[in-house]
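These protein sequence lines are chains A and B, in that order. Counting in our numbering, the first sequence runs from 1 upward without gaps. Counting in our numbering, the second sequence runs from 1001 upward without gaps. Cβ coordinates follow ideal geometry from the N, Cα and C atoms, glycine included. Since the structure is predicted, the reported quantities are computational estimates derived from the model, not experimental observations.
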Amino acid sequence: MFASTSRCNAMARPVFGRVKAAGEAGSARVTHLDRDRALVEEARRDPASFDALYRRYLAQVYSYAYYELGDHHEAEDATERTFLAALTNLHRFEERARPGDGDGASTFRVWLFRIARNVVANQRRGRRRHPQAPIEAAALVADPLDVEGGVAVRDEAAAAWRAVGRLPADRRRAVVLRFVEEMSTAEIAGVLGRSEGAVRVLIHRALRTVARDLGRGGRSR
Amino acid sequence: MTLFERDGSEVEALLTDRYLERVLDRATGGPSIGPVDALLKPVLRDAADQLRRDLVRVHPSFRFEERLASRLAEAAAALRMPAAVGAEGGVVPIGILGQASLEGDGRDEDVFLFDDEDDLDRRELSRPLLIGGALTSAAISLAGAAWVAWRARPARRGGAMVRAARAVREARLAAVHAGRLD
Chain A
1 MFASTSRCNA MARPVFGRVK AAGEAGSARV THLDRDRALV EEARRDPASF DALYRRYLAQ
61 VYSYAYYELG DHHEAEDATE RTFLAALTNL HRFEERARPG DGDGASTFRV WLFRIARNVV
121 ANQRRGRRRH PQAPIEAAAL VADPLDVEGG VAVRDEAAAA WRAVGRLPAD RRRAVVLRFV
181 EEMSTAEIAG VLGRSEGAVR VLIHRALRTV ARDLGRGGRS R
Chain B
1001 MTLFERDGSE VEALLTDRYL ERVLDRATGG PSIGPVDALL KPVLRDAADQ LRRDLVRVHP
1061 SFRFEERLAS RLAEAAAALR MPAAVGAEGG VVPIGILGQA SLEGDGRDED VFLFDDEDDL
1121 DRRELSRPLL IGGALTSAAI SLAGAAWVAW RARPARRGGA MVRAARAVRE ARLAAVHAGR
1181 LD
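Here's what the structure looks like:
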């Protein structure tokens, strides 16, 4: 029934498809296919069912907040605000077509990340300082059993985190959404409120900057 | 920037996008790098590979996850609370409205949350309404209690038997004071 695509995150993307209802031989209706539709509808009927959506997206929202704010406590705070706002405003969420199918495309994940983006932006504005990507967090990617290799991996990861942390805010967001959240260009466009072309250019420029930064760091080591 | 340069940049951005699709697909068993991807500069491919490898998803603590789940369950229960129990206003989690106009960097041209001023006004009014409802209920309750107490006070005047008993009691008290019953 569900249309499939080859994208890594296709399941979170809304896709238009033609479905034939049982007993409707020959006649078809156009419908949105969104991975979260059933859960969203259930949560609308019974707010307690929002828990399933929360569990599905907790790590993603928290991760985004952590990369943006660089602090576990602040990331927790932003995550909490995001989910509470999503729960109390769920009735305002509208499932829409993707950008290629018309303006203002959205899915629950895109909608949730737009809330997260705004909450994080408010939080950053509140503390009035530019966050630094926490270098120590790069240790997360190191293998604890491989000490020598772990140090190398940690250094490399720290360099990558530093390079991303130095990017301008819009490019950094786009990179985090692309690489950490594995969002498609269309989804990132929905979250950031930009066109897909603009997002492609943002990421390309970010990648050029990071490549230059990493190359310079590599030579200096 | 000339038209040629701009076009070149856009083409490169498209190539980057295509390459990233493949890189991210690889993790989920997608196709490997194709011949078109080789057109992208190796330095950009290396940077993309490194970011793919090093930008990991960070998970919150289990304790935080469960604490927030409880908080959301409470909020969900409050959302289900019927209006008949005196909540004339809606239930709004305190702290959300105050903290979040939820407009990002001031560039969010399509604000999706609290963007309707009427809706915002209604939300801001909901707590005073709730408090007002509670105060009104309390005032009515107090007035009711006072009326019941007034109605239930002992009668000052009784029937003939009461008056006779009172006269006997007063006579006895007068006799006690006069010392005649000692």
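Proximity of chain A to residue 1011 (chain B) at the Cβ level (cut-off 8 Å) is not reached, the minimal Cβ distance being about 10 Å. Among the residues of chain B, those whose CB is under 9 Å from the CB of residue 200 (chain A) are 1010, 1013, 1014, 1016 and 1017, following chain order. Taking 8 Å as the CB threshold, residue 1051 (chain B) lines the interface with chain A.
Secondary structure note for residue 63 (chain A): its alpha helix (DSSP H) is the uninterrupted segment 50 to 69. If you check the CB distance, residue 1057 (chain B) and residue 59 (chain A) come in under 8 Å. At the C-beta level, residue 83 (chain A) and residue 1072 (chain B) come within 8 Å of one another. When DSSP states are grouped into helix, strand and coil, residue 190 (chain A) belongs to the helix group.
Across the region 1061 to 1083 of chain B, CB contacts with chain A closer than 9 Å involve 1061, 1064, 1065, 1067, 1068, 1069, 1071, 1072, 1073, 1075, 1076, 1077, 1078, 1079 and 1080, in sequence order along the chain.
The C-beta separation of residue 207 (chain A) from residue 1048 (chain B) comes to about 6 Å, placing the pair in contact by the 8 Å criterion.
With its beta carbon less than 8 Å from one in chain A, residue 1047 (chain B) belongs to the interface.
The C-beta of residue 1057 (chain B) comes closer than 8 Å to at least one C-beta of chain A.
At least 8 Å separates the CB of residue 1142 (chain B) from every CB of chain A. Residue 77 (chain A) places its beta carbon less than 8 Å from that of residue 123 (chain A). Pairing residue 1069 (chain B) with residue 57 (chain A) gives a Cβ-Cβ distance that is not under 8 Å. Buried is the label assigned to residue 63 (chain A), since at least 16 other Cβ atoms lie within 10 Å of its Cβ. Between the alpha carbons of residue 181 (chain A) and residue 126 (chain A) lies a distance of about 25 Å. In this structure residue 179 (chain A) is buried. Its beta-carbon is surrounded by 16 or more other beta-carbon atoms within 10 angstroms. Residues of the region 34 to 54 of chain A with a Cβ closer than 9 Å to any Cβ of chain B, in chain order: 43, 46, 47, 48, 49, 50, 51 and 54. Look at residue 207 (chain A): its C-beta is under 8 Å from a C-beta on chain B. By the rule that beta-carbons nearer than 8 Å mark a contact, residue 1039 (chain B) does not touch chain A. Relative to residue 1063 (chain B), the option among A:67, A:72, A:160 and A:68 whose CA is nearest is A:72.
Spanning the alpha carbons of residue 79 (chain A) and residue 189 (chain A) requires a straight line of approximately 21 Å. Taking C-alpha positions only, residue 1017 (chain B) is separated from residue 1080 (chain B) by approximately 45 Å. In the displayed model, residue 37 (chain A) falls within a helix according to three-state DSSP. Nearest to residue 1074 (chain B) by C-alpha distance, out of A:51, A:95, A:66 and A:91, is A:51.
Residue 46 (chain A) carries a coil assignment under DSSP once its states are collapsed to helix, strand and coil. Residue 1046 (chain B) and residue 44 (chain A) have their alpha carbons spaced roughly 45 Å apart. Going by beta carbons, residue 1015 (chain B) and residue 160 (chain A) fall outside the 8 Å limit.
By the 16-neighbour rule on beta-carbons within 10 angstroms, residue 1140 (chain B) is exposed. Burial is judged here by how many other beta carbons sit within 10 angstroms of a residue's own beta carbon; residue 183 (chain A) has at least 16 and is buried. Contact check for residue 87 (chain A) against residue 1077 (chain B) fails: the beta carbons are separated by 8 Å or more. For residue 1043 (chain B), the chain A residues whose C-beta falls within less than 7 Å of its own C-beta are 211 and 215, listed in chain order. Residues of the region 180 to 191 of chain A that bring their beta carbon within less than 7 Å of a beta carbon in chain B comprise 180, 182 and 185, in sequence order. A:168 is the residue among A:201, A:168 and A:194 whose C-alpha sits nearest the C-alpha of residue 68 (chain A).
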